[in-house]
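Below is one structure, written out as structure tokens; comments come after it.
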Amino acid sequence: MWEGLTPVAATFLVLLTAFAVVLAVELPDKTLVATLVLTTRYRAWPVFVGVSVAFLVQCVIAVSFGSVLTLLPERVTTGVVAVMFGIGAFTLLREGFGADEDSEQDAARSGPAEVSFRRAALTSFGVLFAAEWGDASQLATAGLTAHYGHPFAVGVGAWLALVAVAGIAVLVGRKIRARVKPQLIQRIAGFLFAAFAAVALYQTIFS
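Quick note: the sequence shown uses this note's numbering, first residue 1, plus one each step.
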């Protein structure tokens, strides 16, 4: 893939692709909302540290799963990738065309709680670690790892995208949901996942 490119250039393109895909998936996702709500309850810095570490662990898990897929025959690998992207597309489109969920906006009207850094960070870690299980970004990270065979580049790109989303939630706060319609971005990301699934399915059948 990407014949003629140097290894460094190919790795950078894989990293950039993973960053763009995961960023598109996560901007309207529950990850942003959960981080936003945590920021209304605790100070921003421990929340950011906690969720960033949670993302790092989840990316390692997703990349490890994707790396295992690369050991399978190519036809089996593309089939699994198609299924993972198909599940992600279904999840995103179901949420994108579903009813708005505005209850998160009303959470925690009081200012950030005066709790210890450790407690706030651990709470944030636990919430986001649980929220990311089976999430579209985790499926995307595993699928991209299996597709490109560059686990480090995919993992770094996915983690940077997740950290960027957390940074947006922490810095912008609740205003983000008032100015951006999450359902629209979910629909775009869902159709993008569907296209990835279709390509992988085509490769499975006709390769």
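C-beta atoms are modelled at their ideal positions from N, C-alpha and C, and glycine is treated no differently.
Secondary structure of residue i, DSSP reduced to three states
i	result
residue 97	coil
residue 27	coil
residue 125	helix
residue 7	helix
residue 218	The chain is shown only over 1 to 207; residue 218 falls outside these bounds and no answer can be derived.
Test item: CB-CB of residue i and residue j under 8 Å
i	j	result
residue 146	residue 66	yes
residue 37	residue 166	no
residue 19	residue 88	no
residue 53	residue 141	no
residue 213	residue 32	A question about residue 213 goes unanswered here, because the residues of the chain that appear run from 1 up to 207.
residue 46	residue 153	no
residue 201	residue 82	yes
Chain-order list of residues whose beta-carbon lies under 6 Å from that of residue i (same chain, five-residue window excluded)
i	result
residue 109	At residue 109 the pLDDT is 43, less than 50, meaning the model places this residue with poor confidence; the figure from the coordinates comes in the next sentence. Nothing listed; no residue qualifies.
residue 188	none
residue 93	190
residue 223	Lying before the first or after the last residue shown, residue 223 is absent from the chain, which here runs from 1 to 207.
Contact set for residue i: own chain, Cβ-Cβ below 7 Å, skip 5 residues either direction
i	result
residue 111	Because the pLDDT at residue 111 is just 48, under 50, the model does not fix this residue reliably, and the point stays unresolved.
residue 16	157
residue 84	139, 142, 143
residue 163	52, 55
Legend entry - Given 8 Å, three or more beta-carbon pairs between the segment 12-26 and the segment 135-143: yes
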